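Visitor: Just so you know, the sequence shown maps onto residues -29 to -1, 1 to 550 in mature numbering (1 follows the signal peptide of the UniProt record, and there is no 0).
Think of the CB as a built atom: it goes at the ideal place given N, C-alpha and C, for glycine as much as any other residue.
Note that the coordinates shown come from a computational prediction; the quantities given were computed from them, not determined experimentally.
The structure is given below, and queries will be raised subsequently.
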Amino acid sequence: MNSQIMSKMKRTLTGVALIASISVVSACASLPSSSEPQALRSLEAASPTTDLGPIPGREPDLLLRDFYAVSASPTQQYQQARSFLSENIKQEWSPGPEIVVLDRIDMSSNPSTDVNSVSYTVTGTVVGTIAEGGAYNPSNDEYRATVTLNKADGEWRVSDLPNQVVVERTELRNRYTPKNLYFFDPGGTALVSDRRWIYSGNKSHDTALISLLLAGPSTVLRPGVLSEFPETMAFTGVEDGVYKFTGGSTMDETQRRRLAAQLVWTLALADISGPYQFEMDDEPLIGETGNTQLTVEDFPEFNPQAPGASSGTLYALTSGKVSRFSGGNAKQLSGFLGSAGNIESMDISATLDVAAAVVASGERDNKRSQFHIGPIEGQMPKLLEATTMSKPTFEGNSQVVWTVVDGTTVLRIARSASTGEIAQTEVDTTELGEQHGDISVLRLSATGVRAAFIIDGRVYTATVTRPTAGERKLTNVRELVPVVGDSAITLEWALDDSLLVGTASADTPVWRADVDGSSAIALSSGNIVAPVVSVAANGSTIFITDARAALQLGTAGSTDYWREVPGLEGSRSVTIVPR
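Here is the structure:
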């Protein structure tokens, strides 16, 4: 764990009357594995918790496990957890505002000669923390703490422990629910998800989500999205089904419409039924009086699930040439893509019908990579050349493309649709450090606000910021999937903003990771022969290329068996899903 987190943890424990021993030892390497945490503001439940207090006669080890289980409930300032504490520290226990999430909680008793006192060393791997507002920050650190229990009136109670809330990952998922807030990209044209964990016992998820929206984006995402609401603006509650706001008199119609879109899409995709009514300073937020009930149909242009959606057309790169295929039939493209014969990698913008490709020339020491961009079935001029170039990736809904040159330099290449002029700028990657390894893969999310990349086989993400109109910078870099280790070979964003990762591991060749790093699931390895060198996905299917063939797996089906992609049987093709 980095020094900022260590110092914050020390400040939390210093000066507290009863302090337990705690140490956190870093288990990660040079690049950051988590961002600086924030404080967690617990969301109070609207109804009493159903958890019971300590079980009479409970043995100390079991009672301590019960304590950790109920610590996941923040209601009434952790009232249930406090019932497990001895009387002298019930009120003195002041957990820090951050929740520490362990993969599992292990305990071992320490030697003691006092029959009425026992202490345990609690250990585990810190897989993440939950910060203020419910933002999850992935981590990969070792946890160790000492907790003491004393026996009074025949019952064991916790008498000495760290001032922090610690929960197992399973308890987090049992008691908290992930929901997305939505903020606009810098252009104000696309909504970007900001995942938060909301306490399930809070029955008023709608008001919790609205309050979080007005509080602004999470620390990690904040530099890459718009947060333009005036500081005077406040959410005052719900009256007769109307969500009421004040302090927005300075907002113009464009800002009001964007705010309404954020509210509607956040509530709708959190499964909170509409239509919705909003008032600002006792007037309709947008729309005329009498026509103020809003649904997602009022903001179709801001559908956050649309930017990554493909047209349904798929492409395949086979032996250096590109084909379009559907219904089990593949047809080679006309123009450059269908005739070049030495294409290494490519990306396609579905909305613009534009492709970017890296073409190889020469062999061994004389091998060179050339970058081309142009219409899918037209001529594609060469724009630049280098020793190596990564697979191109389009920046949102534009003709701007990124590629990594010679493993170290990230280039942003913009081509004017009207004049054909090329503007080439280097992306600021200083947060990676001067000694970072080669970047083998880099992929931008559908909105262009997030970047995912592989360095020395490890998976990282970053927020893309815009210091000026033509500049880009990778900020808040963190390792997203530590469990993959250094085995990652390829990755791609799925439509739901999760990340697909292909690896060299025979046991776990494909992973799917949540965008906040809170979960990484190994998909069926079934009939896959590692390594997996390509991954892609549309709304219904995941596509991979392993050591033998192009395979697919339905996302909604019950089978774990990967089938060869119809139309590409017998070939080790790379499936390309336009974005």
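Which same chain residues end up closer than 8 Å to Val267 when comparing Cβ atoms and leaving out the 5 residues on each side of it in sequence?
Guide: Cβ within range, chain order: Val235, Trp236, Ala239, Gly245 and Asn274.
Visitor: Answer yes or no: do Gly24 and Gln51 have a C-beta to C-beta separation smaller than 8 Å?
Guide: Result yes, Cβ atoms of Gly24 and Gln51 sit closer than 8 Å.
Visitor: For a minimum of 3 consecutive residues, which ranges assigned as the beta strand (DSSP E) are wholly contained in the region 295 to 375?
Guide: DSSP runs (the beta strand (DSSP E)) wholly in the region 295 to 375: 300 to 303, 314 to 320, 325 to 332, 339 to 346 and 353 to 357.
Visitor: Measure the Cβ-Cβ separation of Met251 and Phe307 and say whether it is below 8 Å.
Guide: Against a cut-off of 8 Å, the Cβ pair of Phe307 and Met251 comes out as no contact.
Visitor: Do you know how far the Cα of Arg36 is from the Cα of Glu397?
Guide: Going by the C-alpha atoms only, they are around 52 Å apart.
Visitor: Pro82 by DSSP, collapsed to three states: which one?
Guide: The answer is coil: DSSP assigns Pro82 none of H, G, I, E or B.
Visitor: What is the residue span of the beta strand (DSSP E) that Asn145 lies within?
Guide: Looking at the DSSP string, Asn145 is not in any beta strand (DSSP E); the run it does join, the alpha helix (DSSP H), is Arg140 to Arg146.
Visitor: DSSP has Asn121 in a bridge; who is on the other side?
Guide: Note: Asn121 sits in a beta bridge opposite Ser88 and Arg128.
Visitor: Where in the region 207 to 265 do unbroken runs of the beta strand (DSSP E), each at least 3 residues long, occur, reported from the N-terminal end onward?
Guide: Fully enclosed beta strand (DSSP E) runs of 3 or longer: 213 to 217 and 248 to 251.
Visitor: What residue range is occupied by the uninterrupted beta strand (DSSP E) comprising Arg75?
Guide: Per DSSP, Arg75 belongs to no beta strand (DSSP E) and is neither H nor E.
Visitor: Apart from the five residues just before and just after Thr358, which ones in its own chain have a Cβ nearer than 6 Å to its Cβ?
Guide: Same-chain partners within the cutoff: Asp377.
Visitor: Output needed for Arg229: all residues of its chain with C-beta closer than 7 Å, excluding positions within five of it in sequence on either side, in chain order.
Guide: Excluding positions up to five away in sequence, the list reads Phe155 and Gly159.
Visitor: Should Ala106 go down as buried or exposed, given a rule of 16 or more other Cβ atoms within 10 Å for buried?
Guide: The residue in question, Ala106, is buried, as its Cβ has 16 or more Cβ neighbours within 10 Å.
Visitor: Looking at C-alpha atoms only, which residue of Leu184, Trp168, Leu192 and Val329 is the closest neighbour of Thr418?
Guide: Considering only alpha carbons, the answer is Leu192.
Visitor: Contact check, Val503 vs Asp517 under 8 Å by CB: the rounded distance?
Guide: Between Asp517 and Val503 the Cβ distance is about 5 Å, and since that is below 8 Å, they are a contact.
Visitor: Considering only DSSP beta bridges, list what Trp482 is partnered with.
Guide: DSSP, once it has assigned bridges, lists Val472 and Ala493 as partnering Trp482.
Visitor: Within 10 angstroms of the Cβ of Asn59, are there 16 or more other Cβ atoms? Answer buried if so, exposed if not.
Guide: So Asn59 counts as exposed.
Visitor: Below 8 Å between beta carbons: does that hold for Ser297 and Leu285?
Guide: A contact, by the Cβ cut-off of 8 Å.
Visitor: For Leu2, name the three-state secondary structure that DSSP assigns.
Guide: Confidence at Leu2 is low in this model, with a pLDDT of 41, below 50, so the placement of that residue is unreliable and no value is reported for it.
Visitor: Specify the secondary structure class of Tyr431 as computed by DSSP and reduced to three states.
Guide: Of the three classes helix, strand and coil, the one that applies to Tyr431 here is strand, per DSSP.
Visitor: Would you call the CB atoms of Gly473 and Val448 closer than 8 Å?
Guide: No, the pair does not count as a contact, with Cβ atoms beyond the cut-off.
Visitor: Measure the C-alpha to C-alpha separation of Arg255 and Tyr153 and round it to an integer number of angstroms.
Guide: Rather than Arg, the amino acid found at residue 255 in this sequence is Pro. Those two C-alpha atoms are separated by around 21 Å.
Visitor: Check this for me: beta carbons of Ala301 and Ile314, under 8 Å apart or not?
Guide: No, the pair does not count as a contact, with Cβ atoms beyond the cut-off.
Visitor: Looking only at its own chain, which residues have a Cβ that is under 6 Å from the Cβ of Lys122, when we skip the five neighbours before and after it?
Guide: Cβ neighbours of Lys122 beyond the five flanking positions: Asn87.
Visitor: Pair every Cβ in the region 402 to 420 with every Cβ in the region 367 to 381, then say whether three or more of these pairs are closer than 8 Å.
Guide: Touching, yes.
Visitor: Beta-carbon separation of Asp467 and Ser496 under 8 Å?
Guide: No. Outside cutoff.
Visitor: How long is the line joining the alpha carbons of Ser1 and Gly404, rounded to whole angstroms?
Guide: Its pLDDT being 34, under 50, Ser1 is placed unreliably in this model, and the value from its coordinates should be taken loosely. Roughly 8 Å between the two C-alpha positions.
Visitor: Applying the criterion that 16 or more other CB atoms from any shown protein chain within 10 Å of the CB defines a buried residue, is Gln135 buried or exposed?
Guide: So Gln135 counts as buried.
Visitor: Determine the extent of the beta strand (DSSP E) in which Thr289 is found, giving its start and end residues.
Guide: It spans Leu285 to Thr289 - the beta strand (DSSP E) in which Thr289 sits, taken as one unbroken run.
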